[in-house]
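Chemist: A single structure is presented below for examination.
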Amino acid sequence: MPKSLEQFDMNQNISSEKEEKLSHIYEGLKKYEDESFGIDSGIGIDASIKDTVAYLNAFDFNTVESCSGHLTHGSLSPRVAIEASEKPKWRFIGQKEVFEKVALKHRVTLEEVFEHTKPKYDLSLEDRDVQPKNAEQIGAVWDEGWDSTPKEEETEEFKLWRKKTDELAGQLDSLTQEFYEGRSVEGENSKLVVEKHDDPELPHVYNYFLHNGGEDYLVMVDPGERAKLSEEEMNVLKKRLEANQKEMKDFTEFLKEKYNSH
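This is the structure:
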């Protein structure tokens with residue numbers, strides 16, 4: 066049955082809205098592309114993972130970290146971390162009171178502590194490396210506050226946010242399963258998985274990573290160790306990295322097609 070004019074116009078509007086949304090996302094990612102961040106800064110965005118990040122956000126997955134994988138250092142697996150937006154400041158019951166007490170002890174405000182720990186993407190190049198005079202005290206509050214916080218029970222706000230994050234992870238896992246319907250992968254090492262990141266040693270972090278499963282994701286070798294490898298050994302790692310990156314790229318193409326066709 067042919068579409069009515071009203072139906073056609075509605076579909077055209079939806080397509081236009083999607084295009085505008087994607088354009089807005091790419092515009093927002095520009096502040097992460099500054100070369101001054103450097104590959105080891107932990108706050109830039111690798112060019113080869115940018116499309117993946119953009120289309121995940123287009124599907125309303127709030128991304129908070131990404132890496133394309135590297136040959137000379139770190140993991141051989143690209144990855145993107147997601148979590149629900151508007152993460153609560155306090156994870157545990159009693160945490161706020163502990164931080165207030167520790168901040169008072171070190172004569173800093175909680176506003177200073179959390180402002181100091183925020184990424185500085187929007188600052189000028191000159192201001193990014195400027196440390197406050199009380200940076201040492203701020204760092205002490207952050208470390209001592211988390212060390213002293215009782216971690217038995219989470220706040221209701223964090224529980225609700227964690228549930229939303231878990232639901233997002235489930236949706237992303239469903240997308241990866243759809244991607245792999247009828248698709249074969251050479252070994253389990255390159256197959257993409259969605260894995261929870263909830264390390265007791267990093268209680269301020271709770272999210273999920275999309276990454277290649279298997280040993281390549283776990284290989285976090287410093288540059289000094291990689292430099293000791295032979296050319297043949299490095300070539301083996303290079304092939305593994307390229308295979309992992311291709312898998313993430315193919316998944317990104319799947320996201321693009323799905324986004325543009327609905």
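If you're matching positions, the sequence shown starts at 66 in the working numbering and goes up one per residue.
Ideal placement from N, C-alpha and C gives every residue a C-beta, glycine not left out.
Owing to the predicted nature of the structure, the values given are computational and were not obtained by experimental measurement.
(1) Would you list the residues sitting across from Ile147 in a DSSP beta bridge?
(2) Could you check the C-alpha separation between Gln202 and Glu266 for me, to the nearest Å?
(3) Report the rounded CA-to-CA distance for Ser131 versus Asp111, giving the unit in angstroms.
(4) Measure the Cβ-Cβ separation of Asn127 and Ile158 and say whether it is below 8 angstroms.
(5) Report yes if the C-beta distance between Asp141 and Asp281 is below 8 angstroms; otherwise report no.
(6) Below 8 angstroms on the Cβ atoms is my guess for Leu225 versus Val145; work out the distance and round it to an integer in Å.
(7) Quick check on the DSSP output: what are the complete alpha helix (DSSP H) runs of length 4 or more inside the region 206-287, in order along the chain?
(8) Should Thr137 be labelled buried (16 or more other beta-carbon atoms within 10 Å of its own) or exposed?
(9) Output the distance between the C-alpha atoms of Arg291 and Arg305, rounded to the nearest integer angstrom.
(10) Apart from the five residues on each side of it in sequence, which residues of its chain come closer than 7 angstroms, Cβ to Cβ, to Lys86?
(11) Whose C-alpha, out of Tyr273, Lys314, Glu298 and Asn254, is nearest the C-alpha of Phe244?
(12) In terms of DSSP beta bridges, what is Gly159 paired with?
(13) Classify Phe102 as helix, strand or coil using the three-state DSSP reduction.
(14) What would DSSP say about Gly139, mapped onto helix, strand or coil?
(15) Straight-line CA distance for Asn325 to Glu318?
(16) Could you pull the start and end residues of the alpha helix (DSSP H) that Asp116 belongs to?
(17) Closest by CA to Glu322, which one among Asp231, Tyr120 and Glu260?
(18) Give me the Cα-Cα distance between Ala205 and His135, rounded to the nearest whole angstrom.
(19) DSSP three-state call for Ala200: helix, strand or coil?
(20) Quick one: is Leu320 buried, meaning 16 or more other Cβ sit within 10 Å of its Cβ, or exposed?
(21) Hey, out of Glu84, Ser80, Lys115 and Lys83, whose CA is closest to Lys96's CA?
(22) With a CB to CB cut of under 7 angstroms and the five nearest residues on each side skipped, what residues in its chain are close to Glu19?
(23) Express the C-alpha separation of Ser239 and Lys216 in angstroms, rounding to a whole number.
Modeler: Well, looking at it:
(1) Thr128 and Tyr273
(2) 21 angstroms
(3) 8 angstroms
(4) no
(5) It is worth fixing the name first, because residue 141 is Leu in this sequence and not Asp. Yes, these two residues count as a Cβ contact at 8 angstroms.
(6) Wrong, their Cβ atoms sit about 24 angstroms apart, outside the cutoff.
(7) 221-244 and 280-283
(8) exposed
(9) 14 angstroms
(10) Ala123
(11) Lys314
(12) Paired residues: none, contrary to the question.
(13) Since pLDDT at Phe102 reaches only 48, below the 50 mark, its modelled position is unreliable, and the value read off the structure follows with that caveat. Three-state DSSP puts Phe102 in a helix.
(14) strand
(15) 11 angstroms
(16) Lys115 to Ala123
(17) Tyr120
(18) 32 angstroms
(19) helix
(20) buried
(21) Lys115
(22) There is no way to answer for residue 19, as the model of the chain reaches only from 66 to 327.
(23) 32 angstroms
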